[in-house]
Structures are given as C-alpha cells and as structure tokens.
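Student: Heads up: the sequence lines are chains A and B, in that order.
Heads up: the first sequence begins at 2 in this note's numbering, then just goes up one per residue.
Heads up: the second sequence begins at 1175 in this note's numbering, then just goes up one per residue.
Don't be surprised by glycine CBs; every beta carbon is placed ideally from N, CA and C.
Note that the coordinates shown come from a computational prediction; the quantities given were computed from them, not determined experimentally.
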Amino acid sequence: MSPSSFLSGAFLFGRLTFNHRLEQLRPRLYRLAFSWCKESYLAEDLVQETMIRALQKQTQLRDEELMDRWVIRILANQWLDHVRNRVHDDNIDDVEQTLSIDEQQSPECIHCRDEMIERVRNAVMRLPEMQRMVVTLVDLEEFSYKEVATTLDLPIGTIMSRLSRGRQSLRKLLIETKNAATEERSKSECHLRRVV
Amino acid sequence: MNYAQQNKYQDTPISVEEVNAFIDDELIHEDRQRVREQVKKNPELTQLICDIDQIQDWIKEAYEVVPEPKNPKTRWRVHALLPGALAAMTLLTVGVLAGWFVGKMSSTDAGGGHAATMLQARNQAQNVEYATAPTAVARNVILRLGSDSPQKFRETLNRVEHVMKTSAHQPGFQMEVLANSDGLNFLRADTSPYAKQIEALMKKYPNLHFMVCGTSLKNLQESGQKAELLPNVSVTSSAVEQVAQRIREGWSYSAI
C-alpha cells in the first residue's frame, strides 16, 4: 500500500471517528446548553450550530483526547454570541442579578422533587451569564479551573471569582432564604401561641 | 477577591475563593492545610463548605435529566454525514488496492516511474472523497444565516448578490440560502426588511433558492408566533441535515 493511500484512508477513518464521537457528545452538549438557557428549543439550536461548526473546523482539533473540551468551547462561544446579540447594550459580565428571594422556597421545603429541580434551575438562571457558565462547567462538567479558563478565554483568577460569586448567590437563593423563611414561620407561630 | 467576604471572615486569613478552590480540590497541599486549619476553628466556614457541597449536589440533580428536544429527527443529523463517508471509504479501498497493485507493478521500474505511480495513487485517493459528489464540478454554494442582526441580514444580501453576479451564468450552478434559528426573520413576510429584494433576486436568478430550517420553524410556531414565509421560500427538514447533505455533495459551505 502506498503511504499516501494509507494516509488518505486514515483521514477518512478519522472523519468517521470524529462524526461518531461528535454524535456521542450531543447529550452532554444539550444538557450544558439547557443549563445555560433553560429552553429546550434554544438549547437544541445551540447544539445544532455547535455541531455544524465543529464539523467545519475539525481540522483545527489538535489533540483528539481533548475533543470534548474543544467542542464545549465552541458551544460556549455560540452561547456568548447569542447572549451578546440579545443583551445589546448591557455588559454581560456586569449584569446585576435581581434576587427577588422572597418568592423563592427552599428545596428542602418542597415535597415534589420536580419542583425542587425547577427551583434550582430557576436559581441558576438568575445568575449573570458568565457566573452561570462557570458554575455549570465546574459542577456539571467537572472541569478544572484551568479548563474553564481555557474554554472561556479568561484568567483563572476571574474564573475563581465568578465561581465564588455564583455559588454565593445560589446559597442566598436556595439556602439562606429557607433559613429566613423558617425563622419567620417560627416567629409567627410563637406570636400565635401568645395570642391563644 | 471578594472583600465583603473577607470582612465576613475577617478572623480568618482565607478568602471565599480559596474555600471554593478547597472544595474543588484546586489547592496545593500547603494551602489545603491552611484552609483545613481555619475550618476547624470557624463554624461559619464549616457551614459555608456544607452549603456549597449541597448546592453542587442540587445542580447535578437538577440537570441529571433534561427535557428532550422536541424534534427527535435531530438525533441522526450527524449520522447524515456517515453514508457518504462510508461510500467514500468503500471507493477508497478500491482505490488503495488499485494503487497498491499498480505500485507493485511499477516497483520493478527505476525511481522516476515509481514516483509517477505514487503521484497517481495519491491523486486517486484524494479525489475519492468527492467521488460521491456529482455536482462538485460546478462548486455550488450553500450559505447559512442563523442570526437576526440587521448587519448580518445586509451581509447575507450583499454576499448573495455578489455570488450570483459572478457565478450565476456558470452551467448548472446553484446557490442556497438557508436561514435557521433567529435567521428565520430574514425570510418571514412580517419581519424581513428585504422582502422585495429577496423576491426580485429569486425572480432574476432561478438557480437561487431561499429556504428555512424546519426545526427552527416548528419551534417558532410552537412558541405561538406567526410564521408566514416569503413566497417561494421552501422548508428543509433541518439546517444540519441540509448542510451535511450539501457538504457531502461537494458544495461550498459558508455561515454568516
């Protein structure tokens, strides 16, 4: 077999493997996209765009071991492009979250698991974009800080700060609110007992 | 660094970022030890670590199962590329065997003859990928638009006009403009700022086709929006399938 024929065969085999691996990544990409936008059709569109781009740019993938990181980076860029087009004048890094915590219930108070899941997803959606992306990349995808920094093209210090702020906000929304609500409830009960 | 949090834990020389890094196993041994010492002394830090740990569990649980995309057809979009690749692979095998056979025959020749055979075999293998592309000679073009930015609308129109002006006369030439996601607005009767121009272009160039992604259209309709398309705009099953199909056929693909 001539070396050039062998190389071309290897190229085509590589393409088949690439397509197969890309398809295998689809559920992960979709879950991550859904955690960022909480809309199934938008998540699907993002994944679709990402896969098209990955197919286009497959020759740029240097290390096949890192294919998932590479594709997730494309997904992150797709999402940020989408957000930039949507938010227009606001700086997505500085968007202040509006924490209307009084309407939140603690997951522990909720009997139905589905409702708890919805509360957590809503809380995640209240985070500014970059905090949300960092939190999900670390907690869902189990990326290291360095990997998140590479994916989002930001310094590690910024990643640490976004992660910290994101988790603090989630703590406020999901845990401290519960404590405040419980305290409020005990006060009312105490007051009622006195009246009685 | 979060100064508010530093104040909150002013008795401790560690920041909340370090606490998070401790939880995520991102600290070097000495720093881990330092955080551990502080955690022992400070119940607030212990509580913070427990809370973050709880949040991590909730996040994992909240996205363990996510709602399926509504169109199950999307599942095999990338597989749409596979049949072509498999056909190419089969042809490649034939090409490789032929190349090997000719190589064997020519290996008895001296240097120059062998080099010529090698070149022939390489060309043969390189052409194999396009062997399944009957329209590749004309190098047709598919252009995809996925955004509703006015700038991208203009860019799309300019690019279409330019390509058609330079290539429309080529025998067999075809161009497709595929809108998906927010790009659908480009081809909707109620939202497109270029409806007249698009209709005029289609009239002028019968080999120019405008189409929308069926999945995006369905999503739009399901969100309760009216989705009336411009006249003669067709609907394709999905953007990925269409692009994959055209790439397989040897078309030139570009996204705006």
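Below 8 Å on C-beta distance, what does Lys-1234 (chain B) contact in chain A?
Tutor: Position 60 of the second sequence holds residue 1234 (chain B). Neighbours of Lys-1234 (chain B) on chain A, chain order: Asp-140 and Leu-141.
Student: For the region 160-173 of chain A, enumerate the residues whose C-beta is nearer than 8 Å to any C-beta of chain B, in chain order.
Tutor: Hits within the stretch, in order: Met-161, Ser-162, Leu-164, Ser-165, Arg-166, Arg-168, Gln-169, Leu-171 and Arg-172.
Student: Apart from the five residues just before and just after Ser-1321 (chain B), which ones in its own chain have a Cβ nearer than 7 Å to its Cβ?
Tutor: Taking the first residue of the second sequence as position 1, residue 1321 (chain B) is located at position 147. Answer for Ser-1321 (chain B): Asp-1356 and Gly-1357, listed in chain order.
Student: Run through DSSP, which three-state label would Val-1190 (chain B) get?
Tutor: Start at 1 with the first residue of the second sequence, and residue 1190 (chain B) comes out as number 16. Helix, per DSSP.
Student: Would you say Ile-176 (chain A) touches the ligand PLP, meaning its beta carbon is less than 8 Å from a heavy atom?
Tutor: The ligand PLP is absent from the structure shown, which contains no ligand whatsoever.
Student: Decide if the region 1370-1388 of chain B is in contact with the region 1341-1360 of chain B; the criterion is three or more beta carbon pairs, one per stretch, under 8 Å apart.
Tutor: yes
Student: Tell me which residues of the region 55-81 of chain A have at least one Cβ-Cβ distance to chain B shorter than 8 Å, keeping chain order.
Tutor: Leu-56 and Gln-57
Student: With a threshold of 9 Å between beta-carbons, can Gln-1212 (chain B) be considered close to chain A, or not?
Tutor: For the purposes of this step, residue 1212 (chain B) is taken as residue 38 along the second sequence, with counting starting at 1. False, the Cβ-Cβ gap to chain A never drops below 9 Å.
Student: Pair every Cβ in the region 122-141 of chain A with every Cβ in the region 1216-1233 of chain B, then say whether three or more of these pairs are closer than 8 Å.
Tutor: yes
Student: So who's on the other strand from Cys-1387 (chain B), going by DSSP bridges?
Tutor: Working through the second sequence from its first residue, we reach residue 1387 (chain B) at position 213. Note: Cys-1387 (chain B) is bridge-paired with B:Thr-1410 in the DSSP secondary-structure output.
Student: Among residues of its own chain, excluding the 5 on either side of Val-1417 (chain B), which ones have a beta-carbon nearer than 8 Å to its beta-carbon?
Tutor: Position 243 of the second sequence, counted from the first residue, corresponds to residue 1417 (chain B). Taken in chain order, the residues that qualify are Ile-1316, Arg-1318, Leu-1352 and Tyr-1427.
Student: Against chain A, with Cβ distances strictly below 9 Å, would Lys-1188 (chain B) count as a contact?
Tutor: Position 14 of the second sequence, counted from the start, is the residue given in the question as residue 1188 (chain B). What sits at residue 1188 (chain B) in the sequence shown is Ile, not Lys. Between Ile-1188 (chain B) and chain A, the shortest Cβ-Cβ separation is not below 9 Å.
Student: List, in chain order, every chain A residue whose beta-carbon is nearer than 8 Å to that of Asn-1194 (chain B).
Tutor: As a position in the second sequence, residue 1194 (chain B) is number 20, starting the count at 1. Those are Met-161, Leu-164, Ser-165 and Arg-168, listed as they occur along chain A.
Student: From Lys-1400 (chain B) to Gln-79 (chain A), what distance separates their C-alpha atoms?
Tutor: For the purposes of this step, residue 1400 (chain B) is identified with residue 226 of the second sequence, where counting begins at 1. For the purposes of this step, residue 79 (chain A) is identified with residue 78 of the first sequence, where counting begins at 1. Taking the straight line joining both Cα atoms gives about 26 Å.
Student: For Ser-1390 (chain B), which residues in chain A fall below 7 Å Cβ to Cβ?
Tutor: Walking along the second sequence from the start, residue 1390 (chain B) turns up at place 216. The contacting residues are Asp-46.
Student: Could you name the residues of chain A that Gln-1207 (chain B) contacts, counting a contact when the two beta carbons are closer than 9 Å?
Tutor: Working through the second sequence from its first residue, we reach residue 1207 (chain B) at position 33. Neighbours of Gln-1207 (chain B) on chain A: none; closest Cβ ~19 Å, over 9 Å.
Student: Tell me the rounded alpha-carbon separation between Ile-1202 (chain B) and Glu-1192 (chain B).
Tutor: Locating residue 1202 (chain B) in the second sequence gives position 28, where the first residue counts as 1. Locating residue 1192 (chain B) in the second sequence gives position 18, where the first residue counts as 1. Going from the Cα of Ile-1202 (chain B) to the Cα of Glu-1192 (chain B) covers about 11 Å.
Student: The alpha helix (DSSP H) with Ile-157 (chain A) in it runs from where to where?
Tutor: Locating residue 157 (chain A) in the first sequence gives position 156, where the first residue counts as 1. Counting along the chain, the alpha helix (DSSP H) containing Ile-157 (chain A) begins and ends at 157-172.
Student: Is DSSP giving Ala-1429 (chain B) helix, strand or coil here?
Tutor: The count along the second sequence starts at 1 and reaches residue 1429 (chain B) at position 255. Three-state DSSP puts Ala-1429 (chain B) in a strand.
Student: Which residues in the same chain have their Cβ closer than 6 Å to the Cβ of Thr-1264 (chain B), if we skip the five residues on either side of it in sequence?
Tutor: The residue given as residue 1264 (chain B) occupies position 90 in the second sequence. Note that Thr-1264 (chain B) scores 46 on pLDDT, short of 50, meaning its location in the model is unreliable; the coordinates nonetheless yield the value given after this. No residues qualify anywhere along the chain.
Student: Whole angstroms are fine: how far does the CA of Ser-1397 (chain B) sit from the CA of Gln-49 (chain A)?
Tutor: Here residue 49 (chain A) refers to the residue found at position 48 when the first sequence is read from its first residue. Here residue 1397 (chain B) refers to the residue found at position 223 when the second sequence is read from its first residue. Spanning the two alpha carbons is a distance of roughly 19 Å.
Student: Determine the burial state of Val-1239 (chain B): buried for a count of at least 16 other Cβ atoms within 10 Å of its Cβ, exposed for fewer.
Tutor: Within the second sequence, the letter at position 65 stands for residue 1239 (chain B). By the neighbour-count rule (16 or more Cβ atoms within 10 Å), Val-1239 (chain B) is not buried but exposed.
Student: For Arg-122 (chain A), which residues in chain B fall below 8 Å Cβ to Cβ?
Tutor: Taking the first residue of the first sequence as 1, we reach residue 122 (chain A) at position 121. Simply Ala-1236 and Tyr-1237.
Student: When you compare the region 161-180 of chain A with the region 121-135 of chain A, are there three or more beta-carbon pairs, one atom per stretch, that lie closer than 8 Å?
Tutor: yes
Student: Does the beta-carbon distance from Arg-163 (chain A) to Val-136 (chain A) come in below 9 Å?
Tutor: What you label residue 163 (chain A) is simply residue 162 of the first sequence in a count that begins at 1. What you label residue 136 (chain A) is simply residue 135 of the first sequence in a count that begins at 1. Yes. Within cutoff.
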